[in-house]
Amino acid sequence: QKEVEQNSGPLSVPEGAIASLNCTYSDRGSQSFFWYRQYSGKSPELIMSIYSNGDKEDGRFTAQLNKASQYVSLLIRDSQPSDSATYLCAPLSGGSYIPTFGRGTSLIVHP
Amino acid sequence: GAVVSQHPSRVICKSGTSVKIECRSLDFQATTMFWYRQFPKQSLMLMATSNEGSKATYEQGVEKDKFLINHASLTLSTLTVTSAHPEDSSFYICSARSGVGTDTQYFGPGTRLTVL
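Chains A and B, in that order, give the protein sequences.
Reminder that position 10 of the first sequence reads as 10 in this note's numbering, one-by-one numbering, no gaps.
Just so we're on the same page, this note's numbering is the position in the second sequence counted from 1, plus 1000.
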């Protein structure tokens, strides 16, 4: 059973702060990792993907991956109220190429 | 990024009727499409995976005779909820992956089904 664990939150941060979202996964065979953002009542949209250990930056977003610890995180710098959403972590197994979604972390950025 | 559309965006039907949901990849050929269901405040639940031209692979607990999936072309997959009941009311979301040099999947906007 492949498991993806995320703190459901809500994680509340003030506008302009750094939001840190964490995810652990059980499948050591996972090779690709995706972060999706889902606004209430909408479908998920891709934020970032990461494949190698270390950091990957894209604008205000930084994904961090540590395969040895089976841990992936997403940092959002200069958080904005528009970042308020649920963030889904989705590791993808190299064998099945089917991602496993976590329950998501609800982020609230307050002015 | 790649664009995936779904139609209809919202549907209300009577119990016992069948509802068809279409999922289209607009600017790429989708070798694989996924169908998810999401209940309020819960995570995405994968229902089935379909590859163009072959039968869909259903996840455990998903009735294949109730949720009919057809992936007849590289740009279109359909999900038909047969003999819908109120407990089938949910948010149905498709996603598509080109499978050519990428393992990224892109989501459609979703279809909200309400069965009265």
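Note that the Cβ used here is the ideal one computed from N, Cα and C, for glycine as well.
Can you give me the C-alpha to C-alpha distance between A:S8 and A:R103, rounded to a whole angstrom? 7 Å
Taking all protein chains shown into account, do 16 or more other C-beta atoms lie within 10 angstroms of the C-beta of A:A68, making it buried, or fewer, making it exposed? exposed
So, helix, strand or coil for A:E3, using DSSP? coil
Look at A:Q70 and A:S12 and say whether their C-beta atoms are less than 8 Å apart. no
Could you tell me whether the segment 1020–1040 of chain B touches the segment 30–37 of chain A, using the rule of 3 or more Cβ pairs below 8 Å? no
Please tell me whether B:I1021 has its Cβ less than 8 Å away from any Cβ of chain A. no
Quick one: what's B:R1112 bridged to in DSSP? B:R1010 and B:F1091
Does the contact criterion of 3 or more C-beta pairs under 8 Å hold for the segment 1002–1010 of chain B versus the segment 14–22 of chain A? no
Note down the Cα distance separating A:L65 from B:Y1036, rounded to an integer number of angstroms. 26 Å
Less than 8 Å between the beta carbons of B:M1033 and B:A1096, yes or no? yes
Own chain, CB closer than 6 Å to B:R1010, minus 5 neighbours either side, in chain order: R1112
Buried or exposed (CB count within 10 angstroms, at least 16 for buried), B:P1086: exposed
Going by alpha carbons, who is nearest to B:E992 out of B:K1066, B:L1068, B:N1070 and B:M1047? As displayed, chain B neither begins before 1001 nor continues past 1116, which places residue 992 of chain B out of reach and without an answer.
Pairwise C-alpha distance: A:P111 and A:E15: 5 Å
Mapping DSSP to helix, strand and coil, what is A:S82? helix
Taking 8 Å as the CB-CB cut-off, is A:P10 touching chain B? no
Secondary structure of A:P14, DSSP reduced to three states: strand
Measure the CB-CB distance between B:Q1119 and B:L1074 and report whether it falls below 8 Å. This structure cannot settle anything about residue 1119 of chain B, because the visible part of chain B is limited to 1001 through 1116.
Along chain B, which residues have their Cβ under 8 Å away from the Cβ of A:R103? Q1042 and S1043
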